[in-house]
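S.K.:
Number of protein chains: 2
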Amino acid sequence: MAITYELIKRCSQTGARVGKLYTPHGVFDTPIFMPVGTQATVKSMSPRELKDMGTGIILSNTYHLYLRPGHQLIAEAGGLHTFMHWDGGILTDSGGFQVFSLGPLRKITEDGVTFRSHIDGSKHFLSPEKATEVQMALGADIIMAFDECVPYPADYEYARLSTARTSRWAERCKAAHTRKDQGLFGIVQGGMHKDLRRISVSDLVSLDFPGYAIGGLSVGEPKPLMYEMLAYTVPLLPEKKPRYLMGVGTPDCLVEGVMYGIDMFDCVFPTRVARNGTVMTSRGRLVVKNAEYARDFQPIDPDCGCYTCRNFTRAYIRHLLKAEEIFGLRLTTIHNLYFLLSFMKNMRKAILEDKFLAFREEFWSHYRRQ
Amino acid sequence: MAITYELIKRCSQTGARVGKLYTPHGVFDTPIFMPVGTQATVKSMSPRELKDMGTGIILSNTYHLYLRPGHQLIAEAGGLHTFMHWDGGILTDSGGFQVFSLGPLRKITEDGVTFRSHIDGSKHFLSPEKATEVQMALGADIIMAFDECVPYPADYEYARLSTARTSRWAERCKAAHTRKDQGLFGIVQGGMHKDLRRISVSDLVSLDFPGYAIGGLSVGEPKPLMYEMLAYTVPLLPEKKPRYLMGVGTPDCLVEGVMYGIDMFDCVFPTRVARNGTVMTSRGRLVVKNAEYARDFQPIDPDCGCYTCRNFTRAYIRHLLKAEEIFGLRLTTIHNLYFLLSFMKNMRKAILEDKFLAFREEFWSHYRRQ
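Top line first, the protein sequences correspond to chains A and B.
Under full-length UniProt numbering, read the first sequence as residues 1 to 370, first letter to last.
Under full-length UniProt numbering, read the second sequence as residues 1 to 370, first letter to last.
1. Can you name the start and end residues of the beta strand (DSSP E) that A/F356 belongs to?
2. Are the CB atoms of B/I326 and A/S46 nearer to each other than 7 Å?
3. Which bits of chain A does B/F83 rub up against, with CB to CB less than 7 Å?
4. Which chain A residues are close to B/Q13, counting only those with a beta carbon under 8 Å from its beta carbon?
5. Put B/M192 into one of helix, strand or coil per three-state DSSP.
6. So, does the CB of B/L67 fall closer than 7 Å to a CB anywhere in chain A?
7. Using a cut-off of 8 Å between C-beta atoms, extract the partners of B/H118 located in chain A.
8. Counting only Cβ-Cβ distances shorter than 8 Å, please list the residues of the stretch 43 to 62 of chain A near chain B, keeping chain order.
9. If we define contact as Cβ-Cβ less than 7 Å, is A/T41 a contact residue for chain B?
10. Taking DSSP as the reference, what is the three-state secondary structure of A/T114?
11. My output table needs one value for B/A4: the three-state DSSP class, helix, strand or coil.
12. Work out the CA separation of B/M144 and B/M264 for me, nearest whole Å.
13. Check for me: the beta strand (DSSP E) holding B/R285 runs from which residue to which?
14. Roughly how many angstroms separate the alpha carbons of B/A231 and B/Y260, rounded to a whole number?
15. Compare the C-beta of A/K355 against all C-beta atoms of chain B and say whether one is closer than 7 Å.
16. In chain B, what lies closer than 7 Å to A/F297 by C-beta?
17. To the nearest whole angstrom, what separates the beta carbons of B/L204 and B/A170, a pair I think is in contact under 8 Å?
18. Using beta carbons (cut-off 7 Å, strictly below), is B/H319 in contact with chain A?
19. What residues from chain B crowd round A/N311, counting only those whose CB sits closer than 7 Å?
20. For residue 371 of chain A, which residues in chain B fall below 8 Å Cβ to Cβ?
21. If I follow the unbroken alpha helix (DSSP H) through B/D52, where does it start and stop?
22. To which residues of the same chain is A/T114 closer than 6 Å at the C-beta, ignoring the five residues directly before and after it?
23. Out of curiosity, what's the CA-to-CA distance linking A/L207 and A/V219?
24. Give me the residue from A/I351, A/Y156 and A/C173 with the minimum Cα distance to residue 378 of chain A.
25. Report the rounded CA-to-CA distance for B/F97 versus B/H366, giving the unit in angstroms.
26. Just verifying my parser: in three-state terms, what is the DSSP assignment at B/S160?
27. At a CB-CB cut-off below 7 Å, which residues of chain B make contact with A/I326?
28. So with Cβ pairs under 7 Å, would you call B/A323 a contact of chain A?
29. In three-state DSSP terms, what is B/T166?
30. Can you tell me the Cβ-Cβ gap for A/V288 and A/R272, rounded? I've got them flagged as a contact below 8 Å.
31. Closest to residue 383 of chain B by C-alpha separation, out of B/V42, B/E49, B/R275 and B/A137, would be which residue?
32. Check the Cβ of B/G73 against every Cβ in chain A and list those closer than 9 Å, keeping chain order.
33. How long is the line joining the alpha carbons of A/K355 and A/E362, rounded to whole angstroms?
34. Excluding sequence positions up to five away, which residues of its chain have a Cβ less than 6 Å from the Cβ of B/D252?
35. Looking at the strands, I want to know which residues DSSP matches up with A/I214.
36. Give the range of the alpha helix (DSSP H) segment to which A/V42 is assigned.
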């Protein structure tokens, strides 16, 4: 099997756990945060910079790469790893989430989804088989089953029909998936309905995937509701398989996700806000573009060891951002990714030392909204 | 003296020469190309990347830094080197060129130039004393006298009066310049009039600057006319001082400039065209954004040793540029700067081996417009 998971240590008081994720491109410690490289690049970053800061796996988006430059072109290049010169792990999503987000531009049937490109309006069709074929061409280490992300809010009947279809689609993805050097993960749906979550888990686990994602969370629902769904759903999943919470990447949600037993996370949050001049610190957000930092000659976070904080001041970064210089958003992106990767590392350490609850308490004691 | 020049080797057949430029931030081999970092950053590049590719000195623009973030703020930060975390050499221009380029937004008197900011329309005044004060606050290794760049074309009488004023201004700059850890260069003007060039050189040399720039070339005149002015002017300059040709950076002009005895060059050309998807190769320009490179899995230049060419294909770079990804223009910028720095290195080597004319002949034999 291309993807295996080894459970190393369980927290004695919570669901938190440390493990190792074995992939064709390396072994990665979990819980792990995966930076997002939508278009075969983590925005503004070089592969070398990602590697230097300890990035293990990145996520790339099938929908975007399918449309541009095209999965066949990437296959001709030798696959996504070679194309983008990244020899670490890669996970691709199925394209489902993006396609469903197109709203009036898409139409769903049992067979799949017809949609129009956001780039040029051209018509396309994605199905479980097609999404799997595209992801096999891209050649990521971990690929995702084609699902419908149940929107929030969704009534019970919609969620029930959609979730059942996602299960049927997962089966079709599995049948279509023939590459032995990549692992196909199933995605648990079910909206905010516990019984549907239970059914979804049961359907997917019967297909025996090498890992399971929890989809349909962090889609607009209140955070306590997300936590409630996690608390209910995660324990239903097999202990020996990695669990991936899709689209989550703020420090508060990472801490809580880890507590409930999640092993993998991805989110555009750290890179997106960085480009707007917002940086994360252990004390919460800091909008480095603000006038108050014009003459502030400290680093973003004096406790941080990233390239940005070791060498550059808030005043300089603010100047670059105000002057619309690319290097400014490179510096904020480097910091935010390093911050989150370190944050995960600290959580792993706390779990290994069986001090996770203390870590969480300390985190919440000085947390301001990130 | 903060800036000294050591002549190492003279070409036996042309004016070309190899030397060493001693500055408070390092000793640099000449002829040298200086990348432009207008707003205290070489667009898209980190200081580490610049250092890694062998950059010695960069140029930064006084006009831009005076307006934003302000020279006082940079002085508070510890000077430009500290502010931008660059421990190599820095040369600042005087702001004159930018201010004169503002056209109707500026007014010239004997005292100086009143102008309006291109950022917010606010009113400002630059004079020889003020430009020198600003450059002392910025703290570059080499600073430039405040001059008027005679436009092209300019009638004789305009050029004569302007050039004479530039000489008077040079004297005022020298009187105002009190920092011992930086060198102030004079700028030769005179338009396309040889006798005015001769007078300008004579005026400036009598002030005994540690180096001399040749201004007012590469301002729209035909290249043969620029070369004619260089052939006439350079030999008038003292052999023991460095000579800097401002605003020149295409390979053809670099070869010819070196042949006439120029030691220093700067230009936005390599970085600006890189951001538009044009890259330089030993065989001329290549517009990597073009459709013909969509499936071209070779590097930009198979003979190039830069980070870009060692690791990435034309197809990938084209994809990034089409998708408007920042990393695309980082890669083209890295390549173009590396290309020009290597080009200078090869010229230095040719001069040291007394093979410069052969180098030049070889260059022109396969040169297409860059």
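C-beta: ideal position from N, C-alpha, C; glycine also.
M.R.: Taking the geometry as given:
1. It is not in any beta strand (DSSP E) - A/F356 instead sits in the alpha helix (DSSP H) that spans F356 to S365.
2. Contact flag unset, no.
3. Within 7 Å Cβ-Cβ: Y316.
4. Ordered by position in chain A, no residue passes the 8 Å Cβ test against B/Q13, which lies about 43 Å from the chain.
5. Correct three-state label for B/M192: coil.
6. Closer than 7 Å: no.
7. Under the 8 Å cutoff, chain A gives no residues; its nearest Cβ is about 12 Å from B/H118.
8. Residues K43, S44, M45, S46, P47 and R48.
9. Yes - at least one Cβ of chain B is within 7 Å of the one on A/T41.
10. In the structure shown, A/T114 sits in a strand (DSSP, three-state: E or B).
11. Position check: residue 4 of chain B holds Thr in this sequence, whereas Ala was assumed. Three-state DSSP puts B/T4 in a strand.
12. Rounded to the nearest angstrom, the gap between the Cα atoms of B/M264 and B/M144 is 13 Å.
13. For B/R285, the uninterrupted beta strand (DSSP E) segment begins and ends at G284 to V287.
14. Their Cα atoms are separated by approximately 6 Å.
15. So, not an interface residue.
16. The answer, in chain order, is A77.
17. In this structure B/L204 is in contact with B/A170, their Cβ atoms being roughly 6 Å apart against a cut-off of 8 Å.
18. Yes - at least one Cβ of chain A is within 7 Å of the one on B/H319.
19. Here the neighbours are H85.
20. There is simply no residue 371 of chain A to check, as chain A begins at 1 and stops at 370 in what is shown.
21. Here the alpha helix (DSSP H) through B/D52 covers P47 to D52.
22. Here A/T114 has K107 and F125 as same chain residues with Cβ atoms under 6 Å from its own Cβ, once five neighbours each way along the sequence are excluded.
23. In this structure, the alpha-carbon of A/L207 lies about 26 Å from that of A/V219.
24. Outside the displayed range of chain A (1 to 370) lies residue 378 of chain A, so it cannot be described from this structure.
25. Straight-line measurement puts the Cα of B/H366 at about 34 Å from the Cα of B/F97.
26. Just to set this straight, residue 160 of chain B is Arg in the shown sequence, not Ser. Under the three-state reduction of DSSP, B/R160 is assigned to helix.
27. From the beta-carbon of A/I326, the residues of chain B found nearer than 7 Å are K43, S44 and I326.
28. So yes, B/A323 belongs to the interface.
29. Helix.
30. About 15 Å separates the Cβ atoms of A/V288 and A/R272, ruling out a contact at the 8 Å cut-off.
31. Residue 383 of chain B lies beyond the stretch modelled for chain B, which goes from 1 to 370, so this question has no answer here.
32. Correcting the residue identity first, residue 73 of chain B is Leu in this sequence and not Gly. The contacting residues are A294, R295, A315 and H319.
33. A/K355 and A/E362: Cα-Cα distance of roughly 11 Å.
34. Excluding five sequence positions before and after B/D252, none of the CB atoms of its chain fall closer than 6 Å to its own CB.
35. Paired residue(s): A/V188 and A/L245.
36. Careful: A/V42 lies outside any alpha helix (DSSP H) and carries neither H nor E.
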